[in-house]
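In what follows, a single structure is set out as structure tokens and then discussed.
Below is the structure:
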């Protein structure tokens, strides 16, 4: 079968003026499409045109996207409650309509729910790390999200966080104990008590959790969630297709030296093998070959 490795660039930033005059699909002149609706509709059209055998954009496809996006948002299943997932299921079979031009609602609703639950999780984390852990208690922790369901109650979710954070603290506590044992008696090494080491271990975990939640607050806004949402669509449509936000695509542009504006959004459809590329006149070129 012939496969053509290629790059499809969707010029969005340069096309916003065109968007002002293009057809609005299901939108009325009094309710013009948002940038998300404009981009999403164009993504859907380009994916369909770029593939010789595109998937059907139907309810089944919508359900796959729903599942992937929720998983991408909260892979560890420790932010959302089951009730949040149940509430979002009203969008489970409507994402295909959003791709065709309907009002974009799903990723915004999911993002709003995520932000709320994330702040609750941050509070739980701070509360847990404010007190010493007792490691003599015999208990187990399950960290494989594929074997977990979403928590049904707040108490269940808090206990899941307790076990995760306790486990993280225990790992660092054991490392500190081993370091103390190896260096005990060495000149200049300060021997700390078990209590001091437990506190130090919690402080290490606190820094990790603070960075995690700060990243959610400061570097995971609606545009970032939209990029994740579109990637869920493109990779569900074809695992080799990705939606590159401006910064990520600039990196790709710099590597491949493609003649596109550095502020554009883009879809990159690529089939990367070592021998797909060759160098000519200072630029990377793609082979047209049979594979």
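Numbering (this note's numbering), first residue to last: 4 to 294.
Idealized CB from N, CA, C, for every residue including glycine.
Buried or exposed, going by whether 16 or more other CB atoms sit within 10 Å of the CB of residue i?
{"i": "residue 86", "result": "exposed"}
{"i": "residue 256", "result": "At residue 256 the pLDDT is 46, less than 50, meaning the model places this residue with poor confidence; the figure from the coordinates comes in the next sentence. Residue 256 should be labelled buried."}
{"i": "residue 93", "result": "exposed"}
{"i": "residue 220", "result": "exposed"}
{"i": "residue 229", "result": "buried"}
{"i": "residue 78", "result": "exposed"}
{"i": "residue 124", "result": "buried"}
{"i": "residue 177", "result": "exposed"}
{"i": "residue 157", "result": "exposed"}
{"i": "residue 55", "result": "Low confidence applies here, because residue 55 scores a pLDDT of 49, under 50, leaving its location unreliable; read the following figure in that light. That one is exposed."}
{"i": "residue 128", "result": "buried"}
{"i": "residue 50", "result": "buried"}
Does the distance from the C-beta atom of residue i to that of residue j stay below 8 Å?
{"i": "residue 132", "j": "residue 168", "result": "yes"}
{"i": "residue 231", "j": "residue 89", "result": "no"}
{"i": "residue 153", "j": "residue 91", "result": "no"}
{"i": "residue 113", "j": "residue 73", "result": "yes"}
{"i": "residue 180", "j": "residue 200", "result": "yes"}
{"i": "residue 111", "j": "residue 225", "result": "yes"}
From the options, pick the residue whose C-alpha is nearest to that of residue i; which is it?
{"i": "residue 117", "options": "214, 82, 151, 162", "result": "82"}
{"i": "residue 136", "options": "149, 175, 106", "result": "175"}
{"i": "residue 41", "options": "104, 65, 68, 70", "result": "104"}
{"i": "residue 215", "options": "121, 61, 70, 90", "result": "121"}
{"i": "residue 36", "options": "101, 127, 227", "result": "101"}
{"i": "residue 144", "options": "155, 157, 171, 181", "result": "171"}
{"i": "residue 235", "options": "164, 109, 213", "result": "109"}
{"i": "residue 126", "options": "138, 224, 217", "result": "217"}
{"i": "residue 150", "options": "39, 190, 130, 80", "result": "80"}
{"i": "residue 2", "options": "164, 188, 140, 141", "result": "Because the chain is modelled from 4 through 294, residue 2 falls outside the range shown and cannot be assessed."}
{"i": "residue 134", "options": "222, 188, 203", "result": "203"}
What is the C-beta distance between residue i and residue j, in whole angstroms, given that I count them as a contact (C-beta under 8 Å)?
{"i": "residue 43", "j": "residue 208", "result": "About 39 Å separates the two Cβ atoms, so there is no contact after all."}
{"i": "residue 106", "j": "residue 65", "result": "Contact doesn't hold; Cβ gap of about 15 Å is too wide."}
{"i": "residue 71", "j": "residue 239", "result": "6 Å"}
{"i": "residue 195", "j": "residue 183", "result": "7 Å"}
{"i": "residue 46", "j": "residue 237", "result": "7 Å"}
Let's see if you can read the secondary structure: which residues bound the alpha helix (DSSP H) around residue i?
{"i": "residue 204", "result": "197-221"}
{"i": "residue 123", "result": "109-132"}
{"i": "residue 178", "result": "157-186"}
{"i": "residue 91", "result": "85-91"}
{"i": "residue 62", "result": "62-76"}
{"i": "residue 138", "result": "Neither: residue 138 is in no alpha helix (DSSP H) and is coded neither H nor E."}
{"i": "residue 234", "result": "225-240"}
{"i": "residue 149", "result": "Per DSSP, residue 149 belongs to no alpha helix (DSSP H) and is neither H nor E."}
{"i": "residue 190", "result": "Element bounds for residue 190: n/a, residue is neither H nor E."}
{"i": "residue 98", "result": "98-102"}
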